[in-house]
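Student: Counting from 1, one number per residue, gives the positions in the sequence shown under full-length UniProt numbering.
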Amino acid sequence: MRRRRGLTLLDESKKKVPVNSLDDLPSHNGFSMSEINDALNDHNLVEHHILWANYLSNQTGYFKSSINLDIYLPNGYIFALLSPLHWTLKYLKEQLFKYVKSWIEEQGIEPDDYIFSSVGDNGELLELYDEERSLDAVHMFLPFLILVKRNDFAQETELNEKIGLIIDEPLKQLEPKLNPELKNFRLELFESIKRADDERGTSGTFHYAFPEETILPNIADRVFSPNIHSEVHEEDVEFWWYPSLPSDADQKAMQALKKKVERSRIGIEVWYRENEESEQGISVGIKEIFDKTPSDIIRCALNMLGKRDNPAEFILQVVGRNAFVTLHKPILKFEYIRSCFENYREPKLLLRRKNVIFAQFPPPPEVFTPSYIRADEFSRKYPCTTKLKPACFWDLDQVLSIIIRGISNIQEYDSVKLYVKTILAAGRHILDSQDTAPVASNSFRQAAINFNVYMKDVPESAQMCFLLYSASKKSSADDEMLAYMNVRLFDWKNMFCQGKNTFYLRPPPKGADVASILLLPCGSNICHNSVRLEVEFPEVPGRELEFPDWEIIEKFSQFTRCRQVEEEENNVLEPILRDSDVLEKFLKLRNELDGSKLTIDDQNFLWDYRLKIQELFPQMILILADTPLVYSCREKLCEFYNLLNTWPQLYVDTAIELLDARFSDRYVRAFAVRHLDKIIDNDQMQLYLLALVQCLRYEPYATSPLADMLVRRALMDYKVGHTFLWLMRSELALFSEDDPMCLKYRFALMCEAYCRGNALYLNSMTKQVMMVNKLTELSTLVKAFSKEVSSKKLQAELVDCVSGMQNMQSPLNPCECLGEIDISACKVLGSAKMPLRLRWKNPEPFSQLTNPVHEIIFKNGDDLRQDMLTLQVMRIMDAKWKNYNMDYCLTVYEVLPMGENIGMIHVVQNCATIFQIQCASTQLGSTFSMDQQLINKHIYDLCTQDKVLNSKKYMECVDRFSFSLAGYCVATYVLGIRDRHQDNLMLANDGRLFHIDFGHILGHNKKKLGINRERTDFILTDHFLCVVSHGKDDFKGSYMFKTFRESCAQGYLVLHYHRRFFLALFKMMRCMGLPELQRDEDIEYMYTSLQYEKVERQSILNSFFEVFDGVVKHDWSTTVNWFFHSVKHHK
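Shown next as structure tokens:
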């Protein structure tokens, strides 16, 4: 290598032309020599390159296909390289490193450590991060590149390695797989990161990671008094349904709770330490807590303790948990406090010093700008080419027509006649359908297809479905679907799919019909051995066709609206009055679940009353947006879009349902996300996060408002973000790389964005992932050993990796910290999959008062997604019940899938299964046949000390048992949970009953010899009713039994009222691919259990009571089932 003193150009004949002096070139003007001097720090070299630059800019006779570059290397040498101008910077660097390989090996450097820099044509120093750019698109002022080490390379490398560990794929391997749409998605996600970083709190209690205790919503937030308007409103219907919930429902609920607390003589126990390191403390009990805020509790506690500390220096922490009670709200609005009182428990709080706590939540570092963002910034500043402005799609004045040029790869169908059905649809609503003539597979020629749809009327959400059929000799109804493919007519940039295209079809799912095919993902089959279809769409030569932007849509809508005003003035609508036919029709249509089944008259009725729907029944947007008529022409669609801009606020349930697969229109989905983002708080976000993550599967394109909202909200609240990351990570293991929608890469990029925006806690996240990876390895290892020695092997292995298994946040719950692992208590359970049961100490101060340890079951080999879904739906049910002042004391423990057939389960402590209680009983024969008094006696014994019954404790336990039994009776009935034997029912020491293991839902019964093992709709045996009636033998006529029966009915009514949401939720969750939730038939069970068609209150109650009484009457079948379970599993 040598320093060059002159320059060389190539002319058209590739002849070298030397340039060595100023006389060879015209004079140079307009260059900042000081800037170039500073950039290159080589005066002689700069002089010669300026000669070259002037010469090249003033000559036209030289062929510019190659360039003789001088590359300044880090060791001070200059390397001359003749480079074709089409080479990218990335390829140039690869070639350069091949030439200087020996020197690189000596220095121990990697190509990724370095980038090129140069001087731009404006004298600016360029850092060329965009390595996909070709040399002819680099705006170099000089034919000179400097190879420089990136100052931030070490930081970016470390960050990328951690992100790669979390998403389970190195970013270097992921990046080459990204298509242009995904690359753009990645850029948009970084904008979401920056917005979240600007909006989130970064200090004190406003810090985005500060764990505030959950706040309960006001009771009956959605129930109002009758309005004074003449026409019926949505609120009126709700008031008719629940007239027992007046506007003062919150006040009445507080009065009932106050009586309950006074009877129990409990208050809030507040602990105090002299300093934060002390393990000793003193406590006071505060009885007068109603209407008090956390600040009031702090002042009261310090006064009672006689401390002179400043109350403003303290905050309240929940004992045993990393959660705090700080907001200026009534203390009973906090879920932990309220739940304790409802369950006769005394809340325990600890006074913590703010300066110590706030020091644990430092401000996050500035978001690191990765190289792909810098490359994009360079590309935007120096665009490679100038494209022609796209033509407007609405400028095409013709009907939509396509030409099928040919079909190939159909040798297996040579013996039958084939035809192609081509469907134009808006989502699942068919706008038109045309068939080619049936011909032999080897005789197919091109076919022109003309749709009865004007191109201006084709909506942005339009898709074309190609279905290959074999023609039956009998009738068209017997035609067999052989292959299919859906394609969106507009891509992620809103550009029309014009010109010639080749598609590869997919085999249809078993039993699929046209309606279900339209809901399947769009995209060609990656396998090119399948049926190939060549299609030609209309095109504008040399220009792209773009769907009109919002400005054009709005102008057109205003234009058409002026024409419609006069027509509407002549079309007077009947008012919506009580007991009127119009209201009856509204209420009927309000419950419609499938807009494609609406009659033409119903569709016209909804469209005529669209303004009334907007004003009086805004939640009926679900039906209006699912009406085929809306998408039939651009006049209606554009007006509908304009209506969305002024639509009243939606409920959370409504907005989430609009994100179902039925709604593929991007404007509708953006509208739903806009309303959802406005109304949903962080606690509700966690509640519905599983559903929202699954809704990402229904987004037609990677970049979407839903993806933006989820990433942004995850970065603005750490609890939401923690759950979001693990849900997304568990999905990554389930996607295949041949997915036409690239869902695996979408989810991976969203995980990457979350990690980049949450760098403050990235080490914590990587430690959790490494622990899960290690546990997966250990669980596989111990399966090779017998059950007798597997636990000892597990403990021996844990000794070697103890540092990576402790002192971290729990993956199941960010409000729980895992302290030192108790290796001696860790063991392998004896079930078939040999799960690991692990125990950690709780490091929170005074945790011995509540929960001194944390226990987790790690499973490898079971799909926990169905358990997670069931428990999450129960959590939603519990939240809705609490909205109506119904606390059923549910024990909804955490279950978290973490990959394919691996996951964690939170262990509820101080409890036993009914079977364990049964086996531990000393009653003769109770091992196989349970005595009616067995459970009641067990609770009685728990409340007895030194042979003296604590009557108050017993009554509280029975109360908890009764409420929890009622809640689970209703929930398991509605969800159709089966396989309810004694090992799947647990009883806590405080009396709470709860269910575990949800392997069979939606009425899927386990069978023995073809016979259903369970004959009742839910589990309610005499053993349970005996406890409800406080041990009385004749319990069915008791007041307690009647109260329990009514409690079940009230809980059922709440779920019936929200029946639409629960059905829609399960329909959305079909995309999870759970064995018992895949078809419409699976959801039919809930359609029946929720009595969807019924609206009359008494009729609904009568039907439920009929089911309830039938369960009580036939409890013998459950007893028989339990007997055989006992015989089989007794050891």
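No residue lacks a Cβ here, since even glycine has one placed at the ideal position from N, Cα and C. Owing to the predicted nature of the structure, the values given are computational and were not obtained by experimental measurement.
(1) Need the endpoints of the alpha helix (DSSP H) that H1056 sits in, please.
(2) Note down, one range per segment and in chain order, each alpha helix (DSSP H) of at least 4 residues found wholly within the segment 359-400.
(3) Touching or not, the segment 513-527 and the segment 485-505, by the rule of three or more beta carbon pairs under 8 Å?
(4) Looking only at DSSP bridge pairs, what is E269 linked to?
(5) Which same chain residues end up closer than 6 Å to F961 when comparing Cβ atoms and leaving out the 5 residues on each side of it in sequence?
(6) Who pairs with Q809 in a beta bridge, going by DSSP?
(7) For H981, name the three-state secondary structure that DSSP assigns.
(8) Count the other CB atoms within 10 Å of the CB of H86; is the residue buried (16 or more) or exposed (fewer)?
(9) Near E639, what residues of its chain come up, given a Cβ to Cβ distance below 7 Å and the 5 sequence neighbours on each side ignored?
(10) Starting from the C-beta of F605, find all residues in its chain whose C-beta is less than 8 Å away, skip the five residues before and the five after it, and write them out in chain order.
(11) Spatial neighbours of E1014 within its chain, please: CB distance less than 8 Å, with the 5 preceding and 5 following residues excluded, ordered by chain position.
(12) CA-CA distance, G757 and K381?
(13) Please go through the same chain and pick out, in chain order, the residues whose beta-carbon is closer than 8 Å to the beta-carbon of S182, but skip the five residues on each side of it.
(14) For the beta strand (DSSP E) holding W840, just list the boundary residues, first then last.
(15) Would N452 pass as a contact of D435 if the rule is Cβ separation under 8 Å?
(16) Helix, strand or coil for E536 per DSSP?
(17) Kindly indicate which three-state DSSP category Q945 falls into: helix, strand or coil?
(18) Would you kindly work out how many angstroms separate the C-alpha atoms of I331 and I215, rounded to a whole number?
(19) Name the two residues that bound the continuous beta strand (DSSP E) containing M572.
(20) Can you tell me the Cα-Cα spacing of A220 and P648, whole angstroms?
(21) Please report the distance separating the alpha-carbon of L622 from that of D665.
(22) Residue range of the beta strand (DSSP E) that Q463 falls in?
(23) Residue ranges of each alpha helix (DSSP H) run of no fewer than 4 residues wholly in the segment 121-205, ordered along the chain?
(24) For Q317, which three-state DSSP category applies?
(25) Candidates R352, E534, I146, R321: which alpha carbon is nearest I78's?
(26) How many Å lie between S461 and R662 at the Cα?
(27) Output the boundary residues of the beta strand (DSSP E) element that contains A912.
(28) In terms of residue numbering, what span does the alpha helix (DSSP H) encompassing L778 cover?
(29) Measure from the alpha carbon of F1062 to the alpha carbon of each residue in Q1091, R1045, K1036, then state which is nearest.
(30) Name the residue from D739, D738, R729 whose alpha carbon lies nearest to the alpha carbon of E752.
(31) From which residue to which residue does the alpha helix (DSSP H) around V882 run?
(32) Would you mind giving the Cβ-Cβ distance between F378 and L92, rounded to the nearest angstrom? I have them listed as a contact below 8 Å.
(33) Give me the Cβ distance between M834 and T913, rounded to the nearest whole Å; I'm assuming they're in contact under 8 Å.
(34) For H1058 and I163, what's the separation of their Cα atoms in angstroms?
(35) Which two residues bound the contiguous alpha helix (DSSP H) that contains G523?
(36) Do N322 and C695 have their CB atoms nearer than 8 Å?
Tutor: From the atom records:
(1) 1039-1057
(2) 371-381
(3) yes
(4) G285, K348
(5) G991, L993, V1027
(6) C817
(7) coil
(8) exposed
(9) S557, T560, R561
(10) K585, L589
(11) R978, D979, R980, N1005, K1006, S1117, T1118, N1121
(12) 25 Å
(13) Looking at the sequence shown, residue 182 is not Ser but Leu. Closer than 8 Å at Cβ, skipping near neighbours: A702, C742, Y745, R746, L749.
(14) 836-841
(15) no
(16) strand
(17) strand
(18) 10 Å
(19) It should be noted that the sequence gives Val, not Met, for residue 572. Neither: V572 is in no beta strand (DSSP E) and is coded neither H nor E.
(20) Annotation note: pLDDT 47 at A220 (below 50); position unreliable, no value reported.
(21) 13 Å
(22) 462-470
(23) 153-167, 171-174, 180-199
(24) strand
(25) I146
(26) 11 Å
(27) 911-913
(28) 762-782
(29) Q1091
(30) R729
(31) Strictly speaking, residue 882 in this sequence is Lys, with Val absent from that position. Unbroken alpha helix (DSSP H) run through K882: 865-883.
(32) The pair is not a contact, with the Cβ atoms about 16 Å apart (cut-off 8 Å).
(33) No, M834 and T913 are not in contact; Cβ-Cβ is about 19 Å, not under 8 Å.
(34) 40 Å
(35) That residue, G523, is in no alpha helix (DSSP H); it is neither H nor E in DSSP.
(36) no
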